[in-house]
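Chemist: As given, the protein sequences belong to chains A and B, one line each in that order. Numbering of the first sequence is given in the numbering used here, commencing with residue 1 and proceeding in unit increments. Numbering of the second sequence is given in the numbering used here, commencing with residue 1001 and proceeding in unit increments. Here it is, the structure in full.
Number of protein chains: 2
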Amino acid sequence: MAKPVRRPSTRRAPPPPAARREDDADTERRIRDAARRVFIRRGTAGARMQEIAAEANVNQALLHYYFRSKDALALAVFREAAGHLFSVLLRVLASDRPLEERITQCVHHYIDTLREHPYLPGYVLAEITFHPERIESIAEVMRSPQAPEVKSILAQLDRDFARRARAGEMRPIRAEQFIVSLASMCVFPFAARPMLQHVLGIDDWDRYLDARRRELPGFILNALRP
Amino acid sequence: MAKPVRRPSTRRAPPPPAARREDDADTERRIRDAARRVFIRRGTAGARMQEIAAEANVNQALLHYYFRSKDALALAVFREAAGHLFSVLLRVLASDRPLEERITQCVHHYIDTLREHPYLPGYVLAEITFHPERIESIAEVMRSPQAPEVKSILAQLDRDFARRARAGEMRPIRAEQFIVSLASMCVFPFAARPMLQHVLGIDDWDRYLDARRRELPGFILNALRP
DNA sequence: ATCTGGTTTGACTGAATGGTTAAACCATAC
DNA sequence: GTATGGTTTAACCATTCAGTCAAACCAGAT
Chain A
1 MAKPVRRPST
11 RRAPPPPAAR
21 REDDADTERR
31 IRDAARRVFI
41 RRGTAGARMQ
51 EIAAEANVNQ
61 ALLHYYFRSK
71 DALALAVFRE
81 AAGHLFSVLL
91 RVLASDRPLE
101 ERITQCVHHY
111 IDTLREHPYL
121 PGYVLAEITF
131 HPERIESIAE
141 VMRSPQAPEV
151 KSILAQLDRD
161 FARRARAGEM
171 RPIRAEQFIV
181 SLASMCVFPF
191 AARPMLQHVL
201 GIDDWDRYLD
211 ARRRELPGFI
221 LNALRP
Chain B
1001 MAKPVRRPST
1011 RRAPPPPAAR
1021 REDDADTERR
1031 IRDAARRVFI
1041 RRGTAGARMQ
1051 EIAAEANVNQ
1061 ALLHYYFRSK
1071 DALALAVFRE
1081 AAGHLFSVLL
1091 RVLASDRPLE
1101 ERITQCVHHY
1111 IDTLREHPYL
1121 PGYVLAEITF
1131 HPERIESIAE
1141 VMRSPQAPEV
1151 KSILAQLDRD
1161 FARRARAGEM
1171 RPIRAEQFIV
1181 SLASMCVFPF
1191 AARPMLQHVL
1201 GIDDWDRYLD
1211 ARRRELPGFI
1221 LNALRP
């Protein structure tokens, strides 16, 4: 009836500082990393606890010792991944550089980061689609990076846009529309890569990304002209 | 050793025309439709044959009778879905209307179609990410809608762009970059919807889509100005 | 009425999967 | 050394799942 009490309620009270260290913290990290790789490769539902254990070089029971269940492990990995994906956008957009520079930086940061984690977008989008309830739990992750709260960034950007539009320097546009377009053009190509390559016949993906990185900022800035 | 021969090699030779009809063709379609709904809801790996059978109101063994295996069923569903997602783009882009109109139509068609199938993008992107090998098999689907072969549309568009760029009517851009941007801005928001709504605080998604449908064409056309 | 052959089903199976447990392990504290 | 308590493991378990099979079903042909 009552919860399966096995472990200290929250999970593993911090043992005498001398006790853990290296080995222990290392194990948890190793499991996390292995889980991230496997979840990204197979998807949450397609991943097998055994495969994660093998990839982390530990016994399968250890996964349940550190994380309660597959679902809990999946959630932990998702939070990290989703946070990672969004922090890029927010950190750059919140800076105090001129708009043109922020946009260019945003594109560059996204393409550079995603080049190193090309399957991240596909994984996160799949997770969003099949487990939207997980999103509730990333509020904290969203607040942690020094970014001053999404809402305020958005409002600031909206004011910026409105002011410049009134001054005739810019085409009027809502921040919520612009940000989505910006993120779309940076992130989507990574998630859809195999299909785009196949259908559009893009043989050299690296060159394609180079070109995109070079030309996308100009394209976007041009779209904002009055 | 040899293949499990159970059924007529390819699958069910067309029985005497009188025999099938309605009931039979209907069953296959019913299974397909149920499978599509379940796969889109749970993802390929997360879907259970039993759930599909229940949703189609048939015995689970029938799924294996009509489609050999879960994998084969998943492939059939994916082909349909991916074809559906791409035919929108190609059919409109291949028309002989002026460029401005084609782009506007593209945005409208995409948003209107995806509004009716909001989870399609998430499903297809997940499938692409975790089963890229499935893409090989959609070549035929891609050719069938009267669209005159993707390659030629792309080439045509590239010539168009180049000509107008030389005439100073347009900013030079490669078709392969433009099409990806266009598709990104239309499709991505649907795949990322729950996250976008949550992070950007978009409460009324319908209104948001209305605004996007209205403003995106202008945004894109503006980006193409010289 | 009976036969025929595709269709549909209930019952079953073997393998895989997430999760559990009790014992072994091992660094530190005494 | 020995006791302590967190960590790690091998073995195990109950369940779920894709896939199979033989029998039942049922329309049309004879």
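A virtual CB, placed ideally from N, CA and C, is assigned to each residue, including glycine. Since we're looking at a predicted model, the values are computed, not measured.
So that I know if they touch, is there some Cβ in chain B lying closer than 8 Å to that of residue 223(A)?
Modeler: Locating residue 223(A) in the first sequence gives position 223, where the first residue counts as 1. Closer than 8 Å: yes.
Chemist: Around the Cβ of residue 206(A), are there at least 16 other Cβ atoms within 10 angstroms (buried) or fewer (exposed)?
Modeler: The residue labelled residue 206(A) in the question sits at position 206 within the first sequence. Under this definition residue 206(A) is an exposed residue.
Chemist: Since residue 1064(B) is in the alpha helix (DSSP H), which residue starts that stretch and which ends it?
Modeler: Residue numbering aside, residue 1064(B) sits at position 64 when the second sequence is read from its first letter. Segment 1060–1066, the alpha helix (DSSP H) holding residue 1064(B).
Chemist: Would you call the CB atoms of residue 1123(B) and residue 1220(B) closer than 8 Å?
Modeler: To locate residue 1123(B), count along the second sequence from 1; it is residue 123. To locate residue 1220(B), count along the second sequence from 1; it is residue 220. In this structure, residue 1220(B) does not lie closer than 8 Å to residue 1123(B) by Cβ.
Chemist: Examine chain A for any beta-carbon lying closer than 8 Å to the beta-carbon of residue 1111(B), and answer yes or no.
Modeler: As a working note, residue 1111(B) is residue 111 in the second sequence. Cβ-Cβ to chain A under 8 Å: no for residue 1111(B).
Chemist: Just to make sure I have the definition right: I need the residues of chain A whose C-beta is within less than 9 Å of the C-beta of residue 1176(B). Which are they?
Modeler: Against the second sequence, residue 1176(B) aligns to sequence position 176. Near residue 1176(B) (Cβ distances below 9 Å), the residues of chain A are 196, 200, 201, 202, 208, 211.
Chemist: Is the beta carbon of residue 1095(B) less than 8 Å from the beta carbon of residue 185(A)?
Modeler: Here residue 1095(B) refers to the residue found at position 95 when the second sequence is read from its first residue. Here residue 185(A) refers to the residue found at position 185 when the first sequence is read from its first residue. No, the Cβ-Cβ distance between residue 1095(B) and residue 185(A) is not below 8 Å.
Chemist: Identify every run of the alpha helix (DSSP H) within the segment 1022–1106 of chain B, keeping only runs that are complete inside it and at least 4 residues long; order them along the chain.
Modeler: As far as the segment 1022–1106 of chain B is concerned, its whole alpha helix (DSSP H) runs of at least 4 residues are 1023–1042, 1049–1056, 1060–1066, 1070–1093.
Chemist: For the 8 Å Cβ check, are there 3 or more pairs between the segment 1188–1195 of chain B and the segment 1164–1175 of chain B?
Modeler: No, because fewer than three Cβ pairs between the segment 1188–1195 of chain B and the segment 1164–1175 of chain B fall closer than 8 Å, the two stretches do not touch.
Chemist: With a threshold of 8 Å between beta carbons, is residue 92(A) in contact with chain B?
Modeler: For the purposes of this step, residue 92(A) is taken as the residue at position 92 of the first sequence. So, not an interface residue.
Chemist: Classify residue 1021(B): buried if its beta carbon has 16 or more other beta carbons within 10 angstroms, exposed otherwise.
Modeler: The sequence position of residue 1021(B) within the second sequence is 21, counting from 1. Note that residue 1021(B) scores a pLDDT of 43, beneath 50, so its modelled location is shaky; the value from the coordinates is reported in the next line. So residue 1021(B) ends up on the exposed side.
Chemist: Considering residue 1170(B), what are the terminal residues of the alpha helix (DSSP H) in which it resides?
Modeler: Position 170 of the second sequence, counted from the first residue, corresponds to residue 1170(B). Counting along the chain, residue 1170(B) falls outside any alpha helix (DSSP H), and DSSP gives it neither H nor E.
Chemist: Going by beta-carbon coordinates alone, are residue 36(A) and residue 88(A) separated by less than 8 Å?
Modeler: Numbered from 1 along the first sequence, position 36 holds the residue referred to as residue 36(A). Numbered from 1 along the first sequence, position 88 holds the residue referred to as residue 88(A). No.
Chemist: Compute the Euclidean distance between the alpha carbons of residue 180(A) and residue 92(A), then round it to the nearest angstrom.
Modeler: The residue labelled residue 180(A) in the question sits at position 180 within the first sequence. The residue labelled residue 92(A) in the question sits at position 92 within the first sequence. Distance between the alpha carbons of residue 180(A) and residue 92(A): 15 Å.
Chemist: Would you say residue 1052(B) reaches chain A, if we count a Cβ-Cβ gap shorter than 8 Å as a contact?
Modeler: As a position in the second sequence, residue 1052(B) is number 52, starting the count at 1. No, residue 1052(B) lies away from the interface with chain A (no Cβ there is under 8 Å from its Cβ).
Chemist: Mark residue 1139(B) as exposed unless 16 or more other C-beta atoms lie within 10 angstroms of its C-beta, in which case mark it buried.
Modeler: Stepping through the second sequence from its first residue, residue 1139(B) is reached at position 139. Flag for residue 1139(B) reads exposed.
Chemist: Give the DSSP-derived three-state secondary structure of residue 1149(B) in the structure shown.
Modeler: Within the second sequence, the letter at position 149 stands for residue 1149(B). Reduced to three states, the DSSP call for residue 1149(B) is coil.
Chemist: If we ignore side chains and look at the alpha-carbon of each, how far apart do residue 30(A) and residue 224(A) end up?
Modeler: For the purposes of this step, residue 30(A) is identified with residue 30 of the first sequence, where counting begins at 1. For the purposes of this step, residue 224(A) is identified with residue 224 of the first sequence, where counting begins at 1. Distance between the alpha carbons of residue 30(A) and residue 224(A): 45 Å.
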